[in-house]
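Peer 1:
Numbering (our numbering), first residue to last: 3 to 77.
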C-alpha cells in the first residue's frame, strides 16, 4: 500500500464532505448555466424576428430576394 492509498483510506469524513460540497456547487453552477442558455435561446426565438424572414421579399421584377439560390438582389 502506498502513501496515496493510505491517505484515501484514512481520509476524515469532514474532508470528504467538503469535496462533495464543492462538487455539488460546481454541478449546480454548470446546470444553471445550461438552463440559462436554453432559456435565452427560447426567448430569442420567440421575440426576435429571424433574418431569413426579414430578407425574403418577393418583388415582381426582381423575384425572391434574400433566399439562398434565389434570383434577385439584396436591397
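Cβ atoms here follow ideal geometry from the backbone N, Cα and C, with glycine treated the same way.
Please state whether DSSP places residue 37 in a helix, a strand or coil.
Peer 2: Taking the first residue of the chain shown as position 1, residue 37 is located at position 35. Residue state, collapsed to three classes: helix.
Peer 1: Would you tell me roughly how many angstroms separate the C-alpha atoms of residue 23 and residue 51, rounded to the nearest one?
Peer 2: For the purposes of this step, residue 23 is taken as the residue at position 21 of the chain shown. For the purposes of this step, residue 51 is taken as the residue at position 49 of the chain shown. Linking residue 23 to residue 51 through their CA atoms gives a straight-line distance of about 43 Å.
Peer 1: Is DSSP giving residue 51 helix, strand or coil here?
Peer 2: Translated into the one-based positions of the chain shown, residue 51 becomes position 49. Three-state DSSP puts residue 51 in coil, outside helix and strand.
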